[in-house]
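Have a look at the structure below, then the notes.
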Amino acid sequence: MTDADVLESTTLDAVLCCPPVTSAELSAMDAARVAAMFKALGDPVRLRLFSRIASHPDGEACVCDIADVGVAQPTVSHHLKKLRDAGLLTSERRGTWVYYRVDPKALSALSILLATQTLR
Numbered sequence: 035m036t037d038a039d040v041l042e043s044t045t046l047d048a049v050l051c052c053p054p055v056t057s058a059e060l061s062a063m064d065a066a067r068v069a070a071m072f073k074a075l076g077d078p079v080r081l082r083l084f085s086r087i088a089s090h091p092d093g094e095a096c097v098c099d100i101a102d103v104g105v106a107q108p109t110v111s112h113h114l115k116k117l118r119d120a121g122l123l124t125s126e127r128r129g130t131w132v133y134y135r136v137d138p139k140a141l142s143a144l145s146i147l148l149a150t151q152t153l154r
């Protein structure tokens with residue numbers, strides 16, 4: 035399975051399959067899907083963009099509002115595409131601008147995956 039195949043198959047439903055990593059072993063396919071998400075977040079510029087979108091007061095951000103991260107606009111677009119391809123963002127074009135939202139199900143799935151079991 036190539037990286038492109040993994041990214042293409044990363045959907046919300048696929049990500050929601052995974053229990054907390056402390057409670058069960060991930061299958062090879064689930065590990066590949068989740069790794070694609072973490073790989074997308076592993077770049078400092080992408081992490082900053084993701085953070086800006088996630089913390090934006092309206093719950094969504096126009097690319098014009100978040101592009102000032104120290105790289106050129108085409109590079110910002112490239113990083114946003116990587117986040118979108120990994121299933122972390124959704125986007126909607128409105129006129130000449132694209133608006134991005136963090137996919138809450140993907141964020142929730144990553145949170146659940148990293149959650150620890152409560153101590154007994």
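For the sequence shown, position 52 (counting from the first letter as 1) is numbered 86 according to this note's numbering, and the numbering increases by one without interruption.
Just so you know, even glycine gets a beta-carbon here, dropped at the ideal spot from N, CA and C.
No experiment lies behind these values; they were computed from the predicted model shown.
Quick one: Cα of residue i to Cα of residue j, how far?
{"i": "V68", "j": "G129", "result": "33 angstroms"}
{"i": "V132", "j": "K139", "result": "21 angstroms"}
{"i": "R82", "j": "S61", "result": "30 angstroms"}
{"i": "D92", "j": "S85", "result": "13 angstroms"}
{"i": "M71", "j": "T124", "result": "14 angstroms"}
{"i": "R127", "j": "A101", "result": "16 angstroms"}
{"i": "D64", "j": "I146", "result": "14 angstroms"}
{"i": "S142", "j": "A106", "result": "31 angstroms"}
{"i": "L114", "j": "A95", "result": "12 angstroms"}
{"i": "D119", "j": "I87", "result": "16 angstroms"}
{"i": "S57", "j": "A66", "result": "18 angstroms"}
Assuming residue i is part of the beta strand (DSSP E), what are its boundary residues?
{"i": "L123", "result": "L123 to R128"}
{"i": "V136", "result": "W131 to V136"}
Please list, in chain order, all residues of the same chain as residue i whose beta carbon is under 8 angstroms from its beta carbon, the five residues on each side excluded.
{"i": "K116", "result": "A74, D77 and R80"}
In the DSSP assignment, the alpha helix (DSSP H) including residue i goes from what residue to what residue?
{"i": "V105", "result": "Careful: V105 lies outside any alpha helix (DSSP H) and carries neither H nor E."}
{"i": "S85", "result": "P78 to A88"}
Rounded C-beta distance between residue i and residue j? I'm assuming under 8 angstroms.
{"i": "L148", "j": "D137", "result": "Not really, about 17 angstroms apart at Cβ, beyond 8 angstroms."}
{"i": "V110", "j": "V103", "result": "7 angstroms"}
Once you ignore the five residues that flank residue i on each side, which residues in its own chain have a CB closer than 7 angstroms to its CB?
{"i": "H112", "result": "none"}
Ignore the nearest five residues each way along the sequence and tell me which others in residue i's own chain have a CB closer than 6 angstroms to its CB.
{"i": "P53", "result": "none"}
{"i": "V55", "result": "L147"}
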